[in-house]
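Positions in the sequence shown are counted from 1; adding 5 to them yields this note's numbering. From the three backbone atoms N, C-alpha and C, an ideal C-beta is built for every residue, glycine too. Here the structure is laid out as structure tokens; the discussion comes afterwards.
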Amino acid sequence: MTTPVNVTVTGAAGQIGYALLFRIASGAMLGPDTPVRLRLLEIPQAVKAAEGTAMELDDCAFPLLDGVDIHDDPARGFEGTNVALLVGARPRGPGMERADLLEANGGIFGPQGRAINDHAADDVRVLVVGNPANTNALIAASHAPDVGKDRFTAMTRLDHNRALSQAAARAGVPVSQVKRLTIWGNHSASQYPDLFHAEVGGRPGAALAVDRAWLTEDFVPTVAKRGAAIIDARGASSAASAANAAIDHVRDWVLGTPEGDWTSAGLWSTGAYGVPEGLVSSFPVTSSGGAWDVVDGLEVDDFSRARIDASVAELVEEREAVRALGLI
Ligand code: NDP
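Quick look at the structure:
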């Protein structure tokens, strides 16, 4: 049998963790021929709940699941890890300022980055889901000087999937007929879902975007504020769709994106499309041979440029804030 891949999930006892672990163990993330060993990392108060989830994982008798370990120490939780899904984060509490939130998360993602640096496998791939995901990824990467920056990514795949679904509904076509859509910038309300290079039902996405009122007052805000709409309807934040997006992101990273299409992911910028180097920002990306590549050569018109710049400016502010707090 193939050697199992070590997958660490932080915040394993949370809502997203519960929706994620069973799908990883079933083979949905790394394919039907790859056994996995799960490492659940939690804070001490949540270890008992993680043990309950591990019992349920046992009870599924997944043929691909090689074992489950539970840790509250990042050094042990990331030992030999090949894929790290950083889901656990400090949520914004009542009256909490942005600086408090960034500081609390710096206290989580800094040490986790350091533990990944010191203990993970050489081929480690990190996906940050916990918010503010882009800046948490920046903090983690900054504490892992021996790991390539291309190994740290932030999740904008849920935004991407939401945009696919909205565009398909507008055009009245199946979601499988929407291709080459892009989420740019931060995983926040400032993100920019870009239809201009997309293909929707065999037609250019620009044909949908011609209706500027729909684009600016419906499509863009619906995608960007979908999380809040789900909380309003469901009484709890999205969990299954976030877990699904994490699975999609890692699967495409490891196994590749389909020919003729691309997806969106938050990557460490090397300066593409004028995004300052060293910000973790969302780009149009393809993957092959286990590595992401930013799609290059796309023309960005003034309409899109202004929106990309606004979201990137927010990332710059977040970086300045974490710098000022001494977190990077
Ligand atoms: P969830 O599992 O619902 O969410 C976890 C994180 O994912 C949050 O930061 C959340 O951000 C973020 N997130 C990103 N995208 C989405 C999305 N589309 N929809 C919803 N959330 C999204 O949180 P729970 O409170 O249920 O569980 C968190 C767990 O993490 C707890 O078990 C806690 O003990 C653990 N934890 C573990 C740590 C560790 O391992 N060191 C550190 C801190 C917490 P947002 O806040 O914006 O909803």
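By Cβ distance, which residues of its chain are closer than 7 Å to A104, with the 5 residues on each side in sequence left out?
As a working mapping, residue 104 is identified with position 99 in the sequence shown. Around A104: A326 and L330.
What separation, rounded to the nearest whole angstrom, lies between the Cα atoms of A18 and R95?
By 1-based counting over the sequence shown, the position of residue 18 is 13. By 1-based counting over the sequence shown, the position of residue 95 is 90. So the alpha carbons of these two residues sit roughly 14 Å apart.
Cβ-based burial, E204 [other Cβ within 10 Å; buried from 16]:
Position 199 of the sequence shown holds residue 204. So E204 ends up on the buried side.
Please state the DSSP three-state secondary structure of L186.
Taking the first residue of the sequence shown as 1, we reach residue 186 at position 181. Reduced to three states, the DSSP call for L186 is coil.
Do the CB positions of D266 and K154 come within less than 8 Å of each other?
Taking the first residue of the sequence shown as 1, we reach residue 266 at position 261. Taking the first residue of the sequence shown as 1, we reach residue 154 at position 149. Cβ atoms of D266 and K154: not closer than 8 Å.
Any idea which residues DSSP pairs A89 with across the strands?
Position 84 of the sequence shown, counting from 1, holds the residue named residue 89. Looking at the DSSP assignment, A89 forms a beta bridge with T13 and V131.
Could you pull the DSSP bridge partners for L70 from this structure?
Taking the first residue of the sequence shown as 1, we reach residue 70 at position 65. Paired residue(s): V41.
Below 8 Å between beta carbons: does that hold for I188 and D164?
On the sequence shown, position 183 is the one that residue 188 refers to. On the sequence shown, position 159 is the one that residue 164 refers to. Yes, the pair counts as a contact, with Cβ atoms nearer than the cut-off.
Cα separation between G261 and R130?
The residue you call residue 261 lines up with position 256 of the sequence shown. The residue you call residue 130 lines up with position 125 of the sequence shown. So the alpha carbons of these two residues sit roughly 14 Å apart.
Let me check you understand the geometry: is the CB of V92 closer than 7 Å to at least one non-hydrogen atom of the ligand NDP?
Residue numbering aside, residue 92 sits at position 87 when the sequence shown is read from its first letter. Yes, the ligand NDP has a heavy atom inside 7 Å of this Cβ.
Does the beta-carbon of G232, which I'm using as the reference point, lie nearer than 7 Å to any heavy atom of the ligand NDP?
Taking the sequence shown and counting its residues from 1, one reaches residue 232 at position 227. Correct: G232 has its Cβ closer than 7 Å to the ligand NDP.
With 16 other Cβ atoms within 10 Å as the buried cut-off, status of S316
Counted from its first residue, the sequence shown places residue 316 at position 311. Buried: at least 16 other Cβ atoms inside 10 Å.
Between the alpha carbons of G118 and G85, how many angstroms are there, rounded?
Mapped onto the sequence shown, residue 118 falls at position 113. Mapped onto the sequence shown, residue 85 falls at position 80. Using only the alpha carbons, I get a separation of about 14 Å.
When DSSP builds the beta bridges, which residues end up paired with L46?
The count along the sequence shown starts at 1 and reaches residue 46 at position 41. Answer is T15 and H76, bridged to L46.
With respect to 7 Å, is the separation between the Cβ of E323 and the closest non-hydrogen atom of the ligand NDP below this value?
To locate residue 323, count along the sequence shown from 1; it is residue 318. No, the beta carbon of E323 sits no closer than 7 Å to any heavy atom of the ligand NDP.
Give me the Cβ distance between A251 and V178, rounded to the nearest whole Å; I'm assuming they're in contact under 8 Å.
Counted from its first residue, the sequence shown places residue 251 at position 246. Counted from its first residue, the sequence shown places residue 178 at position 173. Not quite, the Cβ-Cβ distance comes to about 26 Å (not below 8 Å), so this is no contact.
Is any heavy atom of the ligand NDP found at a distance shorter than 7 Å from the C-beta of N249?
Mapped onto the sequence shown, residue 249 falls at position 244. Outside the cutoff, so no.
Using only the alpha-carbon positions, how far apart do L26 and L62 sit?
Residue 26 sits at position 21 when you count from the first residue of the sequence shown. Residue 62 sits at position 57 when you count from the first residue of the sequence shown. Going from the Cα of L26 to the Cα of L62 covers about 8 Å.
Less than 8 Å separating the beta-carbons of V305 and D298?
Working through the sequence shown from its first residue, we reach residue 305 at position 300. Working through the sequence shown from its first residue, we reach residue 298 at position 293. Their beta carbons are not under 8 Å apart, which means V305 does not touch D298 by this criterion.
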